[in-house]
Amino acid sequence: MIAAVDTGEAEDRRMRILAIGLMCATMICFTGQDTCAKWLSASLPIAQIVWARYVGASLIALVASRSLSRPAMLRSRRPRLQLLRSVLLFCSTTANVLAVRELQLSETATISFLTPVFVALLAGPVLGERVSAERMIAIALGFLGVVIATRPGAGAFQPIVLVAVAGVVCNSGYVLATRKLAGSDSAQTTLAWTQIAGIVFLTPILPWIWRQPQSAIDWVIMAGMGVFAATSHGMLIVAHRFAPAPTLTPFTYTQLIWMIVSGVLVFGDWPSAATLIGGALVVACGVYLALRERRARRPRSQPSTSIDETS
185 MIAAVDTGEA EDRRMRILAI GLMCATMICF TGQDTCAKWL SASLPIAQIV
235 WARYVGASLI ALVASRSLSR PAMLRSRRPR LQLLRSVLLF CSTTANVLAV
285 RELQLSETAT ISFLTPVFVA LLAGPVLGER VSAERMIAIA LGFLGVVIAT
335 RPGAGAFQPI VLVAVAGVVC NSGYVLATRK LAGSDSAQTT LAWTQIAGIV
385 FLTPILPWIW RQPQSAIDWV IMAGMGVFAA TSHGMLIVAH RFAPAPTLTP
435 FTYTQLIWMI VSGVLVFGDW PSAATLIGGA LVVACGVYLA LRERRARRPR
485 SQPSTSIDET S
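Take 185 as the starting number for the sequence shown in my numbering and just add one per residue.
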């Protein structure tokens, strides 16, 4: 009996380690995705870039949900919430591509890490969860980190920061909608609905906004962005099957490292000291919120059924 328990614990530990490894790899893919988007934004329309990004994610959605061979997977018990979730992701993705065109990758990463902060803030009115004084302090410090990183009032501040923050708000709503759908629709059904808004909104206007990529390199980068998008979403799904979200969330912040490296190597953008300090503060607050949620769920901990919490 004891041996069986030990074997089960060892297997659970292996699954969690695998999930953490997949989450870290996912952050590398998200960095590649944003790097490709920033590169392409210098010569291609934002709508075209977002469309290409959605096509890659749609491919993995069709394969993973098997909706072509099982049309019943498209039936949702809460279609309005599914559509709202898809629209929120579309708005978040578009805002993110607009932001990476104007800001350094390290800055957009720092702002995107506000997602757990907004989720904690909105969990009260949306999910009915109590927001404790400790969580409110962590939320306030997270906002302070972004203020330090973006330096409002200084010459370096750009209004596009507000667009990036709006995208984070949309992504937070997307995360909360995903959590609410977990009790009504399967993960495969939610995955199949995820890309609907982007495809429906952008495909009809594509002939009017399409701009031919200027070189073979641009075609390769556009294809690479689709591959990064498909791979990242696929690994994210698998990771959440093997470990609960509170266990994985702290490792999402490894993306800041890769965004800094990519920004320096590809675009020659060295992050300022203020960006690094602000980013560190936001990461610390996000990790604290994740660990607190993990402790709160420990008695009933089980692998999460969430699809993904990153755009």
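C-beta atoms are modelled at their ideal positions from N, C-alpha and C, and glycine is treated no differently.
Through-space distance from residue j to residue i, alpha-carbon basis
i, j, result
"A194", "L346", "46 angstroms"
"A322", "I380", "35 angstroms"
"V467", "E318", "16 angstroms"
"L202", "H424", "11 angstroms"
"P428", "A231", "34 angstroms"
"A293", "I405", "20 angstroms"
"L475", "T433", "9 angstroms"
"D369", "L267", "13 angstroms"
"R254", "Q372", "11 angstroms"
"R259", "F435", "33 angstroms"
"L206", "V422", "8 angstroms"
"A236", "R285", "16 angstroms"
"A361", "L305", "14 angstroms"
"L265", "P397", "36 angstroms"
"L420", "A458", "31 angstroms"
"P209", "P263", "Here residue 209 is Ala; the residue named in the question, Pro, does not match the sequence. Rounded to the nearest angstrom, the two C-alpha atoms are 32 angstroms apart."
"C469", "V301", "8 angstroms"
"I441", "R197", "26 angstroms"
"L473", "M211", "19 angstroms"
"G463", "F451", "19 angstroms"
"A340", "R363", "Bear in mind that a pLDDT of 47 at A340, under 50, signals an unreliable position, so the number given afterwards is only what the model happens to contain. Cα-Cα distance, rounded: 37 angstroms."
"L460", "T219", "19 angstroms"
Residues of its chain near residue i, where Cβ-Cβ distance is below 7 angstroms and the 5 sequence neighbours each way are ignored
i, result
"I233", "A221, L224, S225 and V281"
"F385", "F274"
"P229", "I393 and R395"
"R261", "S368 and D369"
"L465", "L325, L328, G329 and I332"
Burial state of residue i, where buried means 16 or more other Cβ atoms lie within 10 Å
i, result
"S399", "exposed"
"T387", "exposed"
"V247", "exposed"
"Q439", "buried"
"P343", "exposed"
"I401", "exposed"
"G216", "buried"
"A338", "Bear in mind that the predicted position of A338 carries a pLDDT of just 47, short of 50, making it too unreliable to give a figure here."
"S270", "buried"
"S356", "buried"
"L390", "exposed"
"A333", "buried"
"M320", "exposed"
"S136", "With the chain covering 185 to 495 only, the question about residue 136 has no answer from this structure."
"W403", "exposed"
"A283", "buried"
"L449", "exposed"
"A376", "buried"
Beta-carbon proximity list for residue i, same chain, < 6 angstroms, skipping 5 on both sides
i, result
"I444", "S290 and P455"
"G504", "Examination of residue 504 is not possible in this model, given that the chain is present from 185 through 495 alone."
"T415", "C213"
"D453", "Q288 and G447"
"C354", "L272, C275 and S276"
"G351", "S276, A279 and N280"
"S227", "Q398"
"G382", "Y238 and F274"
"I204", "F435"
Contact set for residue i: own chain, Cβ-Cβ below 8 angstroms, skip 5 residues either direction
i, result
"R200", "F426, A427 and T431"
"V349", "I295, L298 and V330"
"V471", "T433, P434 and Y437"
Cβ contact check for the segment 401-420 and the segment 236-247: 3 or more pairs under 8 angstroms: yes
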